[in-house]
Amino acid sequence: MKEELFVSGRDIPNIDPFLNIWHWQIPMYLFLGGLAAGILFFASLFTIMGKEKEMPTTVKRATLLVPIALSLGLFFLFLDLKHKLWFWQLYTTIRLESPMSWGAWTLMVITPLSMVWSASYLKELWPAWDWKFKILDDFEKLVIKNRKGLAWAMIILAVILGIYTGILLSAFNARPLWNTSLLGPLFLVSGMSTGAATIMWMAKDKSERLLMSKIDLLLISIELFFIVHLFMGFLASNAVQIEAANLFLGGAFTVSFWGFVVVLGLIVPALLEILELRGYHIPVAIPAGLILFGGMMFRFIMVEAGQITRYLY
Amino acid sequence: MRYAMAIDTRKCVGCSDCVVACQVENNVPIGYCRDWVVESTSGTYPVLQTEIRSERCNHCDNSPCVRCCPTGASHFEQGGIVTVTHHKCIGCGACIQSCPYDARYSHPDGYVDKCTFCLHRVVEGLKPACVSVCPTKCMYFGDLEDPNSDVSVAIRHRNYKTLAPEAGTKPQIFYLL
Ligand code: SF4
Ligand code: SF4
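Residue numbers (my numbering), protein chains in the order written: chain R, 1 to 313; chain W, 1 to 177.
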């Protein structure tokens, strides 16, 4: 038996008894980043495939949410900073070794691009829209002409953004729960699934909704596969990662993770989507809402639980 | 040059003088500290063993905190000392997450703060406050590359360990066993 006690009484509220420096802002930031990456990915994909006509919600309407989600995400990141007035220091250097740095830069590039994208569809969505200035009209024409090129840039940036939301955590060797290379792909797939769910929810056209729902089913299966894989990896790893996995296998996060994320956030919506594809009528808000809820819970739980795990010495 | 510290776990009595000395020297806000003392008892009764360690930032050679800092606020100073430039730190907390030793804390003024090996004293040829105040003289500080420095002499004929070497951080505080 090993017993350890502090005699000096290190009293740092955010470190003892366990580290807790990241609160709700970071998981919200990761959720919104993943959601935006998901929507942008599908919008660019269908544009590249030349399917704007068949997928109007994906390409034109859902993308209107992206600039909002990204700006809100950046705002939450800003709220997380403790030395706020110095936030501009983020944009005075690029440090490739630091996920926080290249993630912030990716957002800085992809946010304006997504705004340009949405703006170029405003006239199509609201024919009465008037840019008022000629230069804006010219710019719009330029964007419309180069939409494919823009889509290529956005699809690459969307994948980087989606993976980044996971790598931001997985790069921390000191937190065993996060320190697995699976987290990048897992967060990417989960982000894409929340994006697909949002599009599904907004889609007016039945065929578009059904296609997104099929894509979403595929993404959910990949996600479940990754989650099983994640725990297999942890349990076959060292003491600190086994301990991290045990937080979810009988520990404090067991009910919230398996109940809210896996069952309510993945399995139930998947079943509902299968029923819908079989011809039953299921209000789309239920599966879509559950997926969004599950994706958000997943990030909250991962961020919270990861901060409890640590090296033992 | 490579500054390092050796701490004799057999001489340390856990008086916490190093903690108070640091707080005074570095104006650490009340309720926070840059170094702390751990008393770790292990074994099964009645065969118990107690180890007392004064802990602080390990000024790692392979520092995850320097790597993950998005602004370059966390950086290496001379002799491998890891410090934070306050006016570059945005308080994102990444470095706090990255440290396996939880050696960093968020200063109430917003930036992140930690042990500096008393760089301001070291450049004047003085020892860090904790080392100079220790009543049992169980801490040794100096340049590892100088074979005659206090720290080189201290670890030459003794067994020592570092904390969580499996984290790959190459910590530079050696605990004499
Ligand atoms: S002990 Fe922590 S804060 Fe100090 S250099 Fe190592 S990782 Fe950085
Ligand atoms: S909190 Fe400050 S020192 Fe730490 S990683 Fe962020 S900017 Fe760098």
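Virtual Cβ for every residue (Gly too), placed ideally from N, Cα, C. Since this is a predicted model, take the numbers as computed values, not measurements.
Using the rule of at least 16 other Cβ atoms within 10 Å of the residue's Cβ for burial, across every protein chain shown, is Ala-196(R) buried or exposed?
buried
Please go through the same chain and pick out, in chain order, the residues whose beta-carbon is closer than 7 Å to the beta-carbon of Phe-76(W), but skip the five residues on each side of it.
Val-66, Val-82
Contiguous alpha helix (DSSP H) assignments of at least 4 residues, all confined to the stretch 79-159 of chain W:
94-98, 119-122, 129-133, 150-156
Strictly closer than 6 Å from CB to any heavy atom of ligand 1: give me those residues in the order they appear in the chain.
Cys-57(W), Asn-58(W), His-59(W), Cys-60(W), Ser-63(W), Pro-64(W), Cys-65(W), Val-82(W), Cys-99(W), Tyr-101(W), Ala-103(W), Arg-104(W), Lys-114(W), Thr-169(W)
According to the neighbour-count rule (16 or more other Cβ atoms, all chains shown, within 10 Å of its Cβ), is Ser-8(R) buried or exposed?
Here Ser-8(R) scores only 49 on pLDDT, less than 50, and its place in the model is too uncertain to base an answer on.
Which same chain residues, not among the five before or five after Arg-10(W), have their C-beta less than 6 Å away from its C-beta?
none
Name the residues in the stretch 139-172 of chain W whose C-beta lies less than 7 Å from a C-beta of chain R; which are they?
Leu-163, Ala-164, Ala-167, Gly-168
Considering only heavy atoms of ligand 2, does any lie closer than 7 Å to the CB of Ser-256(R)?
no
Where the stretch 93-111 of chain W meets chain R: residues whose CB sits under 7 Å from a CB there
Gly-93, Ala-94, Ile-96, Gln-97, Ser-98, Cys-99, Pro-100, Asp-102, Tyr-105, Ser-106, Gly-110, Tyr-111
Hey, could you find the ends of the beta strand (DSSP E) Thr-44(W) is sitting in?
36-44
Rounded to whole angstroms, what's the CA-CA distance from Ala-171(R) to Arg-310(R)? Just pull it up for me.
14 Å
Would Phe-253(R) be called buried (16 or more neighbouring beta carbons within 10 Å of its own) or exposed?
buried
By the DSSP assignment, the alpha helix (DSSP H) with Thr-50(W) in it spans what residues?
Note, Thr-50(W): premise wrong, no alpha helix (DSSP H); beta strand (DSSP E) at 47-55.
Which residues DSSP lists as bridging Asp-80(R), in chain order
The partner list for Asp-80(R) (beta bridge, DSSP) is empty, contrary to what the question assumes.
Unbroken alpha helix (DSSP H) runs of length 4 or more, entirely within the stretch 234-268 of chain R: which are they?
239-246
Could you tell me whether the stretch 35-48 of chain R touches the stretch 153-161 of chain R, using the rule of 3 or more Cβ pairs below 8 Å?
yes
Mind checking whether the beta-carbon of Ala-174(R) lies closer than 7 Å to any heavy atom of ligand 2?
no
Could you tell me the distance, in whole angstroms, from the CA atom of Ala-129(W) to the CA atom of Cys-118(W)?
7 Å
Can you list the residues of chain W that Leu-81(R) reaches, using a CB-CB cut of under 9 Å?
Ile-90, Gly-91, Cys-92, Gly-93, Gly-110
Ligand 2 and Ala-119(R): does any heavy atom of the ligand fall closer than 7 Å to the residue's C-beta?
no
Nearest candidate by alpha-carbon position, reference Ala-174(R), set Thr-44(W), Pro-147(W), Cys-95(W)
Cys-95(W)
Going by DSSP, name the residue or residues bridged to Lys-161(W).
Tyr-175(W)
Simplified DSSP state of Ser-8(R), which is helix, strand or coil
Unreliable positioning characterises Ser-8(R) in this predicted model, as indicated by a pLDDT of 49, which lies under 50. The coordinate reading is nonetheless provided below. Reduced to three states, the DSSP call for Ser-8(R) is coil.
Just verifying my parser: in three-state terms, what is the DSSP assignment at Ala-270(R)?
helix
So, under 8 Å CB-CB, Leu-65(R) and Thr-198(R) are touching, yes? Tell me the CB distance rounded to an integer number of Å.
7 Å
For Gln-307(R) versus Trp-88(R), is the C-beta distance shorter than 8 Å?
no
Contact test: Gly-110(W) Cβ vs ligand 2 heavy atom, cutoff 7 Å
no
Counting pairs of beta carbons, one from the stretch 105-118 of chain R and one from the stretch 145-159 of chain R, are three or more of them closer than 8 Å?
yes
Just reading off the beta strand (DSSP E) that Met-5(W) is part of, what are its end residues?
3-8
Measuring alpha carbon to alpha carbon, tell me which of Gly-233(R), Pro-185(R), Leu-45(R) ends up nearest Leu-168(R).
Pro-185(R)
Taking Cβ positions only, does His-87(W) come closer than 8 Å to chain R?
yes
Do we get a CB-CB distance below 8 Å when we pair Thr-93(R) with the residues of chain W?
yes
Determine the closest residue to Leu-81(R) out of Gly-79(W), Cys-92(W), His-87(W), with distance taken between C-alpha atoms.
Cys-92(W)
Determine whether the Cβ of Thr-301(R) lies closer than 8 Å to any Cβ atom of chain W.
The question names Thr, but residue 301(R) is Ile in the sequence shown. No - not a single Cβ of chain W is within 8 Å of the one on Ile-301(R).
Using 8 Å as the threshold, is the C-beta distance between Thr-169(W) and Pro-100(W) below it?
yes
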